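Residue numbers (this note's numbering), protein chains in the order written: chain R, 559 to 841; chain X, 559 to 841. Here's the structure we're looking at; comments come further down.
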């Protein structure tokens with residue numbers, strides 16, 4: 559028997575993974591949730607049929623979402639994660655002894671439950687005493703926060719469906735307000751290669767540039783995401799992502815990472831010309 | 559009607575492109591050659607069913623194969639391309655007025671003919687008076703060369719089939735001998751993500767390290783190649799790929815590029831830890 563999971567990256571491009579078996583299938587108030595097991599990627603999570611993470615390459619996404627801002631602001635104490643119900647961002651964050659409190663705001667409780675059961679590789683640290691999980695809409699949660707967080711990680715799904723509001727100007731403005739005067743926001747930013755993704759990326763970048771004085775985009779190679787060339791936003795009130803990189807300090811912490819290192823940190827902000835041009839078009 | 563081209567990146571991973579129509583199908587002495595037209599990627603070339611290039615993303619591969627070494631050695635005059643029958647490397651090279659002579663050694667004459675007819679975007683510069691095409695086995699051609707070239711570009715297919723010999727220690731040793739004392743060799747190096755590709759990449763790297771005093775690996779995002787994370791080798795007798803980068807000089811030439819720039823040049827050599835570890839294992 560052959561069982562294949564396929565995702566259309568565009569109407570004309572399809573990425574398929576051979577599946578050993580489906581471990582879970584459920585429908586929450588917000589979305590359809592599936593977990594599959596596969597030879598090539600280990601277990602993987604899809605929401606409404608879209609790839610969220612695989613055990614084989616999720617380290618790239620989560621390391622790049624967490625260690626990039628933490629190496630710029632290694633004394634961050636209070637962190638807000640919007641989305642991130644798989645627990646991957648939490649896993650990387652709790653490695654920092656100076657982090658005192660992590661609020662995770664996930665709209666879909668069932669995602670967290672399913673990940674705890676089926677994806678122990680990422681959902682391993684929800685029990686850390688510094689973590690508080692709020693099952694709420696991130697858009698509403700952030701409205702009441704002011705001058706509270708050192709770091710906000712917007713670990714959203716795509717800019718349609720339940721995650722749509724997390725790509726709006728109102729949301730980014732509220733993130734700005736919720737951050738302390740030296741706070742940083744990072745967000746997943748889609749890709750610049752396929753047209754529809756590039757348009758979404760430009761829209762998000764435009765709104766972030768309007769909200770934050772410092773706004774730069776960085777990249778990573780994530781094989782299971784459309785085009786494999788994934789972008790992230792780094793937005794900040796004060797710190798520059800490269801000039802303020804605390805490389806010596808970060809390296810002294812002695813973390814073992816599989817993707818991130820402080821040289822790659824600098825390299826990740828050196829974007830191809832075609833991406834730079836898309837960004838400049840909306841700056 | 560739906561017509562899909564699929565390539566298995568591993569036995570368990572498949573990448574598929576919807577095709578408008580097949581423009582060419584032929585069999586040479588060496589391999590099967592196909593050209594397809596598609597909405598998403600424009601025209602694309604496959605050899606024995608493996609993706610070689612698409613009109614949409616070939617600029618990434620060719621710019622990274624040519625401008626990386628040329629920005630380190632901008633006075634290179636005599637260049638050898640092994641493989642590269644699609645003409646993409648030639649197109650980027652002939653932009654340099656100081657380049658005086660380009661030998662292209664392609665084993666399969668039919669590839670050049672088919673590309674000239676169906677891929678004018680890459681096969682546009684075979685008529686440049688500095689270009690000489692040799693329809694020979696690169697492995698044999700290189701044996702008789704000594705102290706002749708400033709730059710050798712190994713634009714090979716995969717390390718099986720007709721391109722197999724271009725990944726051997728004998729071949730890299732002959733490239734060393736064929737280069738002048740400040741010569742550079744670049745080669746396509748597969749990927750580090752899927753196991754079989756990673757093993758091929760390690761094997762090639764080990765052989766290059768044994769032949770050249772300076773040997774570094776750099777990366778690019780190429781969406782239609784397995785994992786999208788593609789590696790290249792930079793091997794040299796004298797020049798370091800970053801310390802000897804002539805950024806001011808290269809930028810003064812005023813080339814318009816879509817992927818390459820001199821900041822990205824430096825960033826491309828900052829590899830993820832898991833790739834660095836694979837390389838160190840064989841150094």
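Beta carbons are placed, not taken as given, at the ideal position from N, Cα and C, and that holds for glycine. Treat the numbers as computed from the prediction; the structure is a model and nothing was measured.
Just tell me which of the options has its CA closest to the CA of residue i.
| i | options | result |
| --- | --- | --- |
| residue 615/X | 701/X, 816/X and 633/X | 816/X |
| residue 621/R | 596/R, 631/R, 651/R and 605/R | 651/R |
| residue 823/R | 691/R, 623/R and 598/R | 623/R |
| residue 839/R | 750/R, 803/R and 808/R | 750/R |
| residue 784/X | 761/X, 763/X and 755/X | 755/X |
| residue 714/R | 611/R, 571/R, 813/R and 795/R | 611/R |
| residue 636/R | 742/R, 725/R, 801/R and 598/R | 742/R |
| residue 607/X | 595/X, 566/X and 638/X | 566/X |
| residue 600/R | 631/R, 828/R, 613/R and 814/R | 613/R |
| residue 780/X | 776/R, 830/R and 696/R | 830/R |
| residue 763/R | 595/R, 683/R, 782/R and 726/R | 726/R |
| residue 658/R | 638/R, 597/R and 745/R | 638/R |
| residue 775/R | 642/R, 799/R and 602/R | 799/R |
| residue 595/X | 604/X, 588/X and 668/X | 604/X |
| residue 794/R | 733/R, 719/R and 647/R | 733/R |
| residue 645/R | 698/R, 627/R, 819/R and 668/R | 668/R |
| residue 647/X | 825/X, 584/X, 712/X and 827/X | 712/X |
| residue 744/R | 573/R, 797/R and 805/R | 797/R |
| residue 828/X | 786/X, 841/X, 778/X and 642/X | 778/X |
| residue 674/R | 684/R, 767/R and 720/R | 684/R |
| residue 832/X | 719/R, 670/R, 819/R and 593/R | 819/R |
| residue 703/X | 663/X, 807/X and 765/X | 663/X |
| residue 789/R | 810/R, 752/R, 813/R and 805/R | 752/R |
| residue 761/R | 786/R, 723/R and 787/R | 723/R |
| residue 697/X | 716/X, 571/X, 720/X and 677/X | 720/X |
| residue 841/X | 765/X, 672/X, 717/X and 625/X | 765/X |
| residue 523/X | 626/X, 593/X and 609/X | A query on residue 523/X cannot be resolved here, the shown segment of chain X reaching from 559 to 841 and no further. |
| residue 561/X | 813/X, 580/X and 812/X | 580/X |
Going by the DSSP bridge assignment, what does residue i pair with across the sheet?
| i | result |
| --- | --- |
| residue 659/R | 636/R |
| residue 562/X | 576/X |
| residue 746/R | 790/R |
| residue 731/R | Paired residue(s): none; residue 731/R is not in a bridge. |
| residue 641/R | 713/R |
| residue 584/R | 591/R |
| residue 772/X | 794/X |
So what's residue i in DSSP terms, helix, strand or just coil?
| i | result |
| --- | --- |
| residue 794/R | strand |
| residue 739/R | strand |
| residue 800/R | coil |
| residue 751/R | coil |
| residue 676/R | helix |
| residue 610/R | strand |
| residue 692/X | strand |
| residue 601/X | strand |
| residue 815/X | coil |
| residue 778/R | strand |
| residue 568/R | strand |
| residue 538/R | Because chain R in this structure spans residues 559 to 841, residue 538/R falls outside the shown range and cannot be described. |
| residue 821/X | helix |
| residue 785/X | coil |
Round the Cβ separation of residue i and residue j to the nearest angstrom and send it over; I've been treating them as touching at under 8 angstroms.
| i | j | result |
| --- | --- | --- |
| residue 791/X | residue 773/X | 7 angstroms |
| residue 738/X | residue 708/X | 6 angstroms |
| residue 690/X | residue 661/X | 5 angstroms |
| residue 837/X | residue 630/X | At roughly 20 angstroms, the Cβ-Cβ gap does not stay under 8 angstroms, so residue 837/X and residue 630/X are not in contact. |
| residue 591/R | residue 582/R | 7 angstroms |
| residue 568/R | residue 598/X | 6 angstroms |
| residue 588/X | residue 577/X | No, residue 588/X and residue 577/X are not in contact; Cβ-Cβ is about 24 angstroms, not under 8 angstroms. |
| residue 729/X | residue 700/X | 7 angstroms |
Problem set entry | Residues of the region 749–782 of chain R whose Cβ lies closer than 7 angstroms to any Cβ of chain X, in chain order | 751, 779 and 781
Problem set entry | Contacting positions in the region 810–821 of chain R - beta carbon closer than 8 angstroms to chain C | Among the chains of the structure shown, chain C does not appear; the protein chains present are R and X.
Exercise. If contact means a Cβ-Cβ distance below 8 angstroms, which residues of the region 707–726 of chain X contact chain R?
Worked result: none
Exercise. Got a sec: which bits of the region 576–602 of chain R sit with their beta carbon under 7 angstroms from any beta carbon on chain X, in order along the chain?
Worked result: 576, 596, 597 and 598
For this session: Please list the residues of the region 787–805 of chain X that have a C-beta atom closer than 8 angstroms to any C-beta atom in chain R, keeping them in chain order.
Result: 787
Problem set entry | Cβ-based contacts, 7 angstroms cut-off: residues of the region 605–635 of chain R near chain X | none
Exercise. Going along the chain, which residues of the region 730–747 of chain R sit with their C-beta nearer than 7 angstroms to a C-beta in chain X?
Worked result: none
For this session: Determine which residues of the region 642–675 of chain X have a Cβ less than 7 angstroms from any Cβ of chain R, and write them out in chain order.
Result: none
For this session: Could you name the residues of the region 677–700 of chain R whose beta carbon sits closer than 7 angstroms to any beta carbon of chain X, in the order they occur along the chain?
Result: none
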